[in-house]
Amino acid sequence: MSVARLEAVGVISGWGEGLGALPGEATRACAGQPSLMIKRPSLDGERFRRATRECLLGVAAVQAVLAKRGRSPRDIAGGSTALLYVTAAAYGASNRAFVEAAPTAGTLHFPYTAASAVPAEVAIEFQLTGPYVIFVGGATATIEALAHAAVLIERGECERALVLAVETFRECEDLHARTRWLLARPLVEAAACAWLEPGEGRLRVTDAPAASTLARHARRRAGETLACEPLIALALGLESGDDRLHVTGEWRGRRLGLEWTLPPRASSRMGAQV
Amino acid sequence: MGVDPVAIVAAGVVTPIGENLDAFWAGLVTGRDGLSTIERFRVDDLRVGRGGEIKNVPLAAGERPPACRATALLLAAARDLLGRAALDAEPARIGVVVGTALGGVERLEQALDDKDHRPRLVAGALYDSPGHALARRLGSRGPELTVSTACASGATALGIAADLLRADRADLVIAGGFDGLCRFVMRGFDALRSLTRERVRPFDRRRSGLLLGEGAALVLMARDRDAQGPRLGRLLGHASTSDAAHIAAPHPDGRGLVSAVRGALAHAGVGPGDVDFVSAHGTGTPLNDRIETAALKTALGPRVGAIPVNSIKGALGHTMGAAATLEAIMCLLASRHGIVPPTLGYEEADPACDLDYVPRFARSVRTRVSVSTSLGFGGCNAALVLEGIA
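Protein chains in written order, with our numbering: chain A, -12 to 261; chain B, 637 to 1026.
Okay, structure coming up:
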């Protein structure tokens, strides 16, 4: 059992920004499209000229959670913010581009093939120099990242933790079409960021014999968002005002659960922010 | 006060200088050079075609080699480990945490060329596929995690594994790092002009770049109070930090590395004065070695001049995701044997790199507390504080 408070979750997806953009039923709303893309966010600055779309989605998700909290980038800069990044597949686009651009791809492209490219751009943009971990995997990896963020907070190694997930599919849509047994449909691109702080919330990782109501709700409304799904589920839970959030995540035949008990007063306050 | 230390019970490796733990150590101490011309894939169109290639990955009797090179390396290291220690816990209480820079990316190259559109190639291209294959082979049902802090991954994996044990999420964790050499990464580093045509010379005045290598390294970890019988040593502390400076180069002052070393020491509950030995990242690139030297001075203070500092990348090449775990294991073996392996390739001092880099020959030194440092693309930094057993 770890102690941390969930302050807010910023969500963007192929449906648009925020939970309000999600349809009631993703499968029906997708109308047979195999995947739903998020356009490259238009972010200012010469520095982003070479950044990949998935990097910009990471930056945009952090901006979304900052907006929810009513905070500025200055509030999170420095060594007291931990950044934990999760993805199952977002490196696929840059990896493929590098392979297929041979032999012309080079100095500018190769560093962006690393799974660490997305959190690197986020860390540079917001000057995050605190604890830094990059998990690769689907929804179970996000649950592990949330649990690890709580451990860092509980040990006093950071004053806040951002758990960021980004998933993109469009550039590798033909490859994903070969793995229908691994990925559900429709594939919906998403980027989500949860903001954790020290507080009275209690968080516990559990076995999960079945998908939780929140996880099913997130899947039904957003579609298959892989590592983003637990964060979308948490956002939905906050919105509902519940003081006990139970999310589950599945990946590669495993399922993990996360039970998060929030202090009642804070949960209703936070619910209003989502 | 630091956190609870975690026991490192045993280790297993496969490397360019030795296909198991004993051969790896013997190779380090005797100065074996594991760098050679790459034979497994085409390199004739690259500026540099040399690296730390493992010519024969050991297999179990009757075993067919896994089609994925990275998985083959990881399973070979696991076999070596399991020959030295038993997994004496319920499957649900055994975790697997591995670090990688590349995962199964070679399978992506194959998938893109695959006219039969085999799904297995695509699934294998996901970076967590080799770790998943290891967990399946072991039959473990506890936490299964892949981390990818680039070339610091093998250190981050050990730190995360220790935290899983402290949180009672598992009773045993197999943790470590791996990466295979493939055209993808050779092309990338070749394009960056990071690869040297000369000898790899960490911290040497004439250093001109790195060579890549491949390998896998795993350790069996348990809560210190639960570990019975012989052990290699203990992980006392760990920290991973971000530079927030550049996508592919370290911060000019090494601020992230300084912060990681200080964080790991605080985590361990020890001070700079307790450190007996430093295993440096030491890639042999002009920039890394200068910045790392400056960062070690800042983090460890004036006493760093009296501490032996080595890099084993002159012998192995830069084994990417495996590097930090191999270096952590080396630290523990150095304590056990009272010997610090030399920095192969280091001969001429550089005024900007003015520490004691253990030149030419292995040195008899009693070491107990070691610091191992790692850096990677994306501004990743990690430091481990290890305690060996003399």
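Backbone N, C-alpha and C fix where the C-beta goes; we use that ideal spot for every residue, glycine too.
For residue i, which residues from the same chain have a beta carbon less than 8 Å from its beta carbon, with the 5 sequence-adjacent residues on both sides left out?
{"i": "A:Arg36", "result": "none"}
{"i": "B:Val1001", "result": "Asp912, Phe913, Pro944, Ala970, Gly974, Ile975 and Val976"}
{"i": "A:Val(-10)", "result": "Ala137, Ile140, Glu141, Pro185, Gly186, Glu187, Gly188, Arg189 and Leu190"}
{"i": "A:Arg(-8)", "result": "Leu183, Glu184, Pro185, Gly186, Glu187, Gly188, Leu249, Pro250 and Ala253"}
{"i": "A:Thr193", "result": "Leu243, Gly244, Leu245 and Glu246"}
{"i": "A:Leu43", "result": "Arg27, Pro28, Leu30, Phe35 and Glu108"}
Would you kindly report the start and end of the unbroken beta strand (DSSP E) that includes residue i?
{"i": "B:Phe913", "result": "Phe913 to Ser915"}
{"i": "A:Pro185", "result": "Ala177 to Asp194"}
{"i": "B:His874", "result": "Gly869 to Ser878"}
{"i": "A:Glu246", "result": "Arg241 to Thr248"}
{"i": "B:Phe814", "result": "Leu808 to Asp815"}
{"i": "A:Ala69", "result": "Thr68 to Thr74"}
{"i": "A:Arg147", "result": "Arg147 to Glu154"}
{"i": "A:Phe122", "result": "Tyr119 to Val123"}
{"i": "B:Thr1009", "result": "Val1005 to Gly1012"}
{"i": "A:Ser59", "result": "From DSSP, A:Ser59 is part of no beta strand (DSSP E); its letter is neither H nor E."}
{"i": "B:Arg926", "result": "Element bounds for B:Arg926: not the beta strand (DSSP E) but the alpha helix (DSSP H), Pro922 to Leu936."}
{"i": "B:Val894", "result": "Taken as a continuous stretch (DSSP letters only), B:Val894 belongs to no beta strand (DSSP E), being part of the alpha helix (DSSP H) at Arg891 to Ala904."}
{"i": "B:Val650", "result": "Val642 to Val650"}
{"i": "A:Val(-3)", "result": "Checking the displayed sequence, the identity of residue -3 of chain A turns out to be Gly instead of Val. That run of the beta strand (DSSP E) goes Ser(-11) to Ser0."}
Can you name, in chain order, every residue of its own chain whose Cβ lies under 7 Å from the Cβ of residue i, other than the five neighbours on each side?
{"i": "B:Gly869", "result": "Ile644, Leu968, Ser971, Leu1022, Glu1023, Gly1024 and Ile1025"}
{"i": "B:Gly845", "result": "Ser830, Leu831, Thr832, Gly920 and Thr921"}
{"i": "B:Gln746", "result": "Leu757"}
{"i": "B:Arg898", "result": "Ala935"}
{"i": "B:Ala842", "result": "In the sequence as presented, Ala is not what sits at residue 842 of chain B; that position holds Arg. Result list for B:Arg842: Glu984, in chain order."}
{"i": "B:Asp826", "result": "Leu682, Arg683 and Val684"}
{"i": "B:Val679", "result": "Gly685 and Met822"}
{"i": "B:Gly937", "result": "Pro908"}
{"i": "B:Leu695", "result": "Pro701"}
{"i": "B:His753", "result": "none"}
Whose C-beta lies closer than 6 Å to the C-beta of residue i among residues of the same chain, with five residues either side of it excluded?
{"i": "A:Ala136", "result": "Leu71, Ala148, Val150 and Leu183"}
{"i": "A:Ala8", "result": "Trp2"}
{"i": "B:Gly1012", "result": "Thr785, Ala786, Cys787 and Ala788"}
{"i": "B:Asn656", "result": "Asp716"}
{"i": "B:Gly1014", "result": "Ala786"}
{"i": "A:Gln260", "result": "Bear in mind that the predicted position of A:Gln260 carries a pLDDT of just 42, short of 50, making it too unreliable to give a figure here."}
{"i": "A:Ser255", "result": "Annotation note: pLDDT 47 at A:Ser255 (below 50); position unreliable, no value reported."}
Quick one: give me the first and last residue of the alpha helix (DSSP H) that residue i is part of.
{"i": "B:Cys1016", "result": "Counting along the chain, B:Cys1016 falls outside any alpha helix (DSSP H), though it belongs to the beta strand (DSSP E) covering Cys1016 to Gly1024."}
{"i": "A:His233", "result": "No alpha helix (DSSP H) holds A:His233; the beta strand (DSSP E) holding it covers Arg231 to Trp238."}
{"i": "B:Leu800", "result": "Ser789 to Arg802"}
{"i": "A:Thr129", "result": "Ala126 to Glu141"}
{"i": "A:Arg208", "result": "Thr200 to Ala209"}
{"i": "B:Val780", "result": "Inspection of the sequence shows that residue 780 of chain B is occupied by Glu rather than by Val. From DSSP, B:Glu780 is part of no alpha helix (DSSP H) but of the beta strand (DSSP E) over Glu780 to Val783."}
{"i": "A:Leu223", "result": "Glu216 to Ser227"}
{"i": "B:Arg773", "result": "Ser765 to Leu774"}
* Asked: Got a sec: which bits of the region 826 to 851 of chain B sit with their beta carbon under 7 Å from any beta carbon on chain A, in order along the chain?
  -> Cβ contacts with chain A come from Ala827 and Leu828.
* To do: Determine contact between the region 857 to 876 of chain B and the region 794 to 810 of chain B, defined as no fewer than three beta-carbon pairs at a distance below 8 Å.
  => Proximity of the region 857 to 876 of chain B to the region 794 to 810 of chain B meets the contact definition, three or more beta-carbon pairs being nearer than 8 Å.
* Decide if the region 865 to 883 of chain B is in contact with the region 789 to 796 of chain B; the criterion is three or more beta carbon pairs, one per stretch, under 8 Å apart. => Contact holds: three or more Cβ-Cβ distances are below 8 Å.
* Members of the region 852 to 884 of chain B that neighbour chain A once the beta carbon cut-off is set at 9 Å -> Answer in chain order: Ala875, Ser876, Thr877, Ser878, Asp879, Ala880, Ala881, His882, Ile883 and Ala884.
* Taking a Cβ distance cut-off of 8 Å, strictly less, list which residues of the region 676 to 702 of chain B are near chain A, in chain order. => Within the region 676 to 702 of chain B, the residues whose Cβ lies closer than 8 Å to some Cβ of chain A are Asp681, listed in chain order.
* Asked: Taking a cut of 7 Å between CB atoms, which residues from the region 1005 to 1021 of chain B lie near chain A?
  -> So the close ones are Gly1012, Phe1013, Gly1014, Gly1015 and Cys1016.
* Asked: Given a limit of 8 Å on CB to CB distance, which residues of the region 62 to 84 of chain A reach chain B?
  -> When C-beta distances to chain B are compared with 8 Å, the residues of the region 62 to 84 of chain A below that value are Gly66, Leu70, Ala75, Ala76, Tyr78, Gly79, Asn82 and Arg83, in chain order.
* **the region 124 to 133 of chain A contacting the region 210 to 223 of chain A, beta-carbon criterion three pairs below 8 Å** => They touch, by the three-pair rule.
* **Any 3 or more C-beta pairs closer than 8 Å across the region 819 to 829 of chain B and the region 922 to 942 of chain B** => Flag = no, the region 819 to 829 of chain B and the region 922 to 942 of chain B do not touch.
* To do: Check each residue of the region 808 to 828 of chain B: if its Cβ is closer than 7 Å to any Cβ of chain A, include it; give the result in chain order.
  => Those residues of the region 808 to 828 of chain B that come within reach of chain A (Cβ to Cβ, closer than 7 Å) are Phe820, Arg823, Gly824, Ala827 and Leu828.
* Residues of the region 765 to 783 of chain B with a CB closer than 7 Å to any CB of chain A: list them in chain order, please. => Close to chain A, meaning a Cβ-Cβ distance shorter than 7 Å, are the following residues of the region 765 to 783 of chain B: His768, Pro779, Glu780, Leu781, Thr782 and Val783.
* Asked: Counting pairs of beta carbons, one from the region 17 to 24 of chain A and one from the region 86 to 95 of chain A, are three or more of them closer than 8 Å?
  -> The region 17 to 24 of chain A vs the region 86 to 95 of chain A: no contact.
* Chain-ordered residues of the region 15 to 31 of chain A with a beta carbon less than 8 Å from chain B -> Of all residues in the region 15 to 31 of chain A, none comes within less than 8 Å of chain B when Cβ atoms are compared.
* **Segment contact flag, the region 650 to 657 of chain B with the region 953 to 967 of chain B, C-beta cutoff 8 Å, min 3 pairs** => Under the three-pair Cβ rule at 8 Å, the region 650 to 657 of chain B counts as touching the region 953 to 967 of chain B.
* Where the region 641 to 663 of chain B meets chain A: residues whose CB sits under 7 Å from a CB there -> Among the residues of the region 641 to 663 of chain B, none has a Cβ less than 7 Å away from any Cβ of chain A.
* Decide yes or no for the touch test of the region 761 to 776 of chain B against the region 883 to 901 of chain B: beta carbon pairs closer than 8 Å, at least 3 of them. => Fewer than three Cβ pairs drawn from the region 761 to 776 of chain B and the region 883 to 901 of chain B lie within less than 8 Å of each other, which leaves the two stretches out of contact.
* Asked: Going along the chain, which unbroken runs of the beta strand (DSSP E) with 3 or more residues stay wholly within the region 697 to 739 of chain B?
  -> Taken in chain order, the complete beta strand (DSSP E) segments of 3 or more residues contained in the region 697 to 739 of chain B are 730 to 735.
* Could you name the residues of the region 127 to 143 of chain A whose beta carbon sits closer than 8 Å to any beta carbon of chain B, in the order they occur along the chain? => Among the residues of the region 127 to 143 of chain A, those with a Cβ less than 8 Å away from any Cβ of chain B are Thr127, Ala128, Glu131, Ala134, His135, Val138 and Arg142, in the order of the chain.
* Asked: Listed from N- to C-terminal order along the chain, which residues in the region 186 to 200 of chain A have their beta-carbon within a distance smaller than 7 Å of any beta-carbon of chain B?
  -> From the region 186 to 200 of chain A, only Val192 have a Cβ closer than 7 Å to chain B.
* Positions along the region 707 to 728 of chain B whose CB lies within less than 9 Å of some CB in chain A -> Residues passing the 9 Å Cβ filter: Ala728.
* Asked: Using Cβ-Cβ distances below 8 Å, what residues of the region 214 to 236 of chain A are close to chain B?
  -> Hits within the stretch: zero.
* Asked: At a Cβ cut of 8 Å, what residues of the region 739 to 750 of chain B count as close to chain A, listed as they run along the chain?
  -> The region 739 to 750 of chain B vs chain A, Cβ under 8 Å: Gly739, Val741, Leu744, Glu745, Ala747 and Leu748.
* To do: Residues of the region 111 to 123 of chain A with a CB closer than 9 Å to any CB of chain B: list them in chain order, please.
  => Cβ contacts with chain B: Ile111, Glu112, Phe113, Gln114, Leu115, Thr116, Gly117, Pro118, Tyr119, Val120, Ile121, Phe122 and Val123.
* To do: Return the chain-ordered ranges of every alpha helix (DSSP H) run that is complete within the region 807 to 861 of chain B and spans a minimum of 4 residues.
  => As far as the region 807 to 861 of chain B is concerned, its whole alpha helix (DSSP H) runs of at least 4 residues are 819 to 827.
* Is there contact here, the region 202 to 212 of chain A with the region 52 to 71 of chain A, by at least three beta-carbon pairs under 8 Å? -> Proximity of the region 202 to 212 of chain A to the region 52 to 71 of chain A falls short of the contact definition, fewer than three beta-carbon pairs being nearer than 8 Å.
* Does the region 158 to 177 of chain A come close enough to the region 76 to 83 of chain A to have 3 or more Cβ pairs within less than 8 Å? -> The region 158 to 177 of chain A is in contact with the region 76 to 83 of chain A.
* Asked: Touch check for the region 759 to 775 of chain B and the region 701 to 708 of chain B: three-plus C-beta pairs under 8 Å?
  -> Yes: the two stretches touch, three or more of their Cβ pairs being nearer than 8 Å.
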